[in-house]
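>
There are 2 protein chains.
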Amino acid sequence: MGLVVALSGQVGGAKLADGLARLRGADLAAIVNTGDDYEHLGLHFSPDLDTLLYVLAGIADPAAPWEPEGESHAVYEMVRRLGGPDRLRFGDRSLAAPLLRTAWEGADRRLTQITADMCRRLGIAARVLPMSDEPVRTHVLTDDGAVPFHEYFTDLGCEPPVRGFQYAGADLARVTPEIADVLDSPELEAVVICPANPYHTIRPILEVPGMRELLRKRGAPIVAVTPIVGGKALKGSAGKMMAELRHEASAKRVALEYLRLIDGFVLDDVDAHQAEAVRACGIEVLVTQTVMRTVEDRARLARAVLDFAAEIRERKRAEAEQT
Amino acid sequence: MGLVVALSGQVGGAKLADGLARLRGADLAAIVNTGDDYEHLGLHFSPDLDTLLYVLAGIADPAAPWEPEGESHAVYEMVRRLGGPDRLRFGDRSLAAPLLRTAWEGADRRLTQITADMCRRLGIAARVLPMSDEPVRTHVLTDDGAVPFHEYFTDLGCEPPVRGFQYAGADLARVTPEIADVLDSPELEAVVICPANPYHTIRPILEVPGMRELLRKRGAPIVAVTPIVGGKALKGSAGKMMAELRHEASAKRVALEYLRLIDGFVLDDVDAHQAEAVRACGIEVLVTQTVMRTVEDRARLARAVLDFAAEIRERKRAEAEQT
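Chains A and B, in that order, give the protein sequences. Take the first sequence: its letters are residues 1 to 323, numbered as in the working numbering. Take the second sequence: its letters are residues 1001 to 1323, numbered as in the working numbering.
1) Indicate whether the contact test is met: 3 or more Cβ pairs, each with one atom in the region 1122-1138 of chain B and one in the region 1164-1183 of chain B, closer than 8 Å.
2) Give me the DSSP bridge partner(s) of Thr288(A).
3) Can you tell me which residues form a DSSP beta bridge with Tyr1038(B)?
4) Measuring only between beta-carbons, confirm whether Ala1299(B) sits less than 8 Å from chain A.
5) Pull up the distance between the alpha-carbon of Phe1090(B) and that of Val1075(B), whole angstroms please.
6) Closer than 7 Å, Cβ to Cβ, to anything on chain B: give me those residues from the region 73-87 of chain A, in chain order.
7) Residues of chain B with CB closer than 9 Å to the CB of Ala60(A), please, in chain order.
8) Hey, how far is the Cα of Asp1037(B) from the Cα of Ala1272(B)?
9) Is Leu245(A) close to chain B, meaning its C-beta is less than 8 Å from at least one C-beta of that chain?
10) For a test of the three-state rule: what should DSSP assign to Pro1198(B), helix, strand or coil?
11) When Cβ atoms are compared, which residues of the region 108-132 of chain A fall closer than 8 Å to chain B?
12) Contact check, Val285(A) vs Phe265(A) under 8 Å by CB: the rounded distance?
13) By a C-beta neighbour count over all protein chains shown, 10 Å radius and 16 as the cutoff for buried, is Leu267(A) buried or exposed?
14) Going by other Cβ atoms of all chains shown within 10 Å of its Cβ, with 16 needed for buried, is Met241(A) buried or exposed?
15) Can you confirm whether Ala64(A), when its beta carbon is compared against all beta carbons of chain B, has any partner nearer than 8 Å?
16) Grab the span of the beta strand (DSSP E) containing Leu1188(B) for me, first residue to last.
17) Count the C-beta pairs between the region 245-255 of chain A and the region 223-230 of chain A that are closer than 8 Å, then say yes if the count reaches three, no if not.
18) Counting only beta-carbon atoms, is Asp27(A) nearer than 8 Å to chain B?
19) Please report how far the alpha carbon of Ile1124(B) lies from the alpha carbon of Cys1194(B), in whole angstroms.
20) As a quick exercise: from Glu39(A), Val182(A) and Val287(A), pick the residue whose alpha carbon is nearest that of Arg216(A).
21) Can you give me the C-alpha to C-alpha distance between Glu1077(B) and Gln322(A), rounded to a whole angstrom?
22) What number of angstroms, rounded off, separates the C-alpha of Glu306(A) from the C-alpha of Ala190(A)?
23) Buried or exposed: which applies to Gly25(A), given that a residue is buried once 16 or more other Cβ atoms fall within 10 Å of its Cβ?
24) Name, in chain order, the residues that DSSP records as bridge partners for Thr142(A).
25) Between Val1032(B) and Asp1048(B), how many whole angstroms is the CB-CB distance? I'm expecting something under 8 Å.
26) Under the three-state reduction of DSSP, which class applies to Asp1061(B): helix, strand or coil?
27) If you scan the region 1197-1281 of chain B from start to end, which runs of the beta strand (DSSP E) of 3 or more residues do you find wholly inside it?
28) Output the boundary residues of the beta strand (DSSP E) element that contains Asp31(A).
29) Which residues in the same chain have their Cβ closer than 6 Å to the Cβ of Val11(A), if we skip the five residues on either side of it in sequence?
30) Please report the distance separating the alpha-carbon of Thr1176(B) from that of Ala1304(B).
31) Any C-beta of chain B sitting closer than 8 Å to the C-beta of Arg402(A)?
32) Quick check: the Cα distance between Arg1300(B) and Gly1282(B), rounded to an integer number of angstroms?
33) Would you check if the distance between the CB atom of Val1162(B) and the CB atom of Val1140(B) is smaller than 8 Å?
34) One question on the structure: do Cys158(A) and Tyr152(A) come within less than 8 Å of each other, judged by their Cβ atoms?
35) Give me the Cβ distance between His200(A) and Gly13(A), rounded to the nearest whole Å; I'm assuming they're in contact under 8 Å.
36) Could you tell me which of Leu1111(B), Lys1015(B), Leu1214(B) and Asp1263(B) sits nearest to Arg1293(B), measuring between CA atoms?
Below you can see the structure in the form of structure tokens.
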């Protein structure tokens, strides 16, 4: 068995990456969105990285996987009491990673190294790779101008209609040596785009210069799992954003966002009727149960996705041999 | 009634300042040692300032006044789990002030302003004034070289013999406008040097250029309270340090540290026999119970000290009129 790469972010991405990690252990590398990172109280918060760490380490709160289980809020309450900002209610345990990250980045360590150290300490075998060591910040374009995603999400409650996105800093970001290594590996077997918002979770990863080319370099099949089920995002605001961008809020439309990148697309059972439309775009389709309610669901979906990728790989190889 | 200024630091300093604050409220200004400040995890910890804040706000843990009551350690445990430094077990609530202080200093606010804001939020009427907005760091000279006080205290457990002290940065520190204001006030009635280590708590305050002159400028009596009772420091390592510096570990010797600065010295009842030796140095003496076990003890000692200062002031005035 070879190497599997997952593009991950948000809770859905963490869950599928966890399913893949359960099957592949150290042979999974997750490339993680950092476009939603933000600074608060001078600390570097990286929600997608931390969510994935908690989930992979098995310490995430089942009901709120973006924070460790048993979270308390003593620091926040005291910060508030001392007159600090109170708009963002952060947890005590959730503060540790941003605190360490900020201190270590201040000591000139790369985000990739810092994340690898945390993984090792948490007993995570899979490689967790930030999409870049340079900061990229996704901005939401609204009628009142560009707003950093974090601010759009927390301060504005995702209310203003979305007119587009900007990925500030992406032009200066570089693919890390660690990501180049896994994507250039002869062992690369499949790339899985996890179910996550295409605009502010997956797209920032693809905006790192050279990333798209590297993802296709070894010819491994690229398979995306829909974040939209029955016309709605399972979590988050993908559906709302698609409508505001004047797109149909459908799984099919997400597949189009990945056109010329993916070989296969995984639709949920309830959207089986969209399969033909996706196939018409030259994308292979798997229809299965994509909603991950239990840990078993994660591994089951991961297995289905990898089997689907293996089929695509076989078919590609057969076609290549015929010509 | 006029203005009272206290030089404060450590637990003893916080307790007497609290006693003075109970009598004088907004007419107390505490000038606080910051020579023991340190950086940990990129955050600016200021133990003497924070201890005083917790004590004055009435939220200090009675058994450990350097932290707020009901302290927990969730952040620390998670930092440790993530591979962060574990030598210093900080509390969750105790992290809030350093976190805010660092963020606000990063936004170019002065330590004095930051501290004033925290006091206002905590309902503290007294003025709490850091000895300087510039960093001064007390170093302990040992046979193996100079060690920052915090490191000497935590990492070395105060073990290496003390050969002397250095106050790094003191030459570049300046008296703040707020301190200059209170010390230059015609209302200034008395200056109280609280019971605290003379070497690393009181001395750094005196090392700020211009501080000694300002303390004497208005001619208000300066009265020090002994931190040594019965040949031992009540808390901390003053006694041990005095022995290593080849001084007698006695209250009398502490009075000598303040020679040419103080007008009066407060001895504990158990050291009444040292009164004559101190008076022989031209320093007036009050003998009373100096150990503050209860909140009532704090106010009682504060009242005794202020009465003593008033006597000295009267005597000085009478002498001045005679000549």
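Quick reminder that beta carbons are idealized off the backbone N, C-alpha and C, glycines included.
According to the structure data:
1) yes
2) Asp268(A)
3) Phe1045(B)
4) no
5) 8 Å
6) Ala74, Val75, Met78, Val79, Arg81, Leu82, Gly83 and Gly84
7) Ordered by position in chain B, no residue passes the 9 Å Cβ test against Ala60(A), which lies about 13 Å from the chain.
8) 35 Å
9) no
10) helix
11) Asp117, Met118, Arg120, Arg121 and Leu122
12) 6 Å
13) buried
14) buried
15) no
16) Leu1188 to Ile1193
17) yes
18) no
19) 19 Å
20) Val182(A)
21) 60 Å
22) Going by the sequence as given, residue 306(A) is Leu instead of Glu. Whole-angstrom Cα-Cα distance: 7 Å.
23) exposed
24) Gly145(A)
25) 5 Å
26) strand
27) 1222-1225 and 1264-1268
28) Checking the sequence shown, residue 31(A) turns out to be Ile, not Asp. Where Ile31(A) is concerned, the enclosing beta strand (DSSP E) stretches over Leu28 to Val32.
29) Pro65 and Lys235
30) 30 Å
31) Absent from the structure is residue 402(A), since the part of chain A shown begins at 1 and ends at 323.
32) 26 Å
33) yes
34) yes
35) In fact, because the Cβ distance is near 12 Å, the residues do not count as touching under 8 Å.
36) Lys1015(B)
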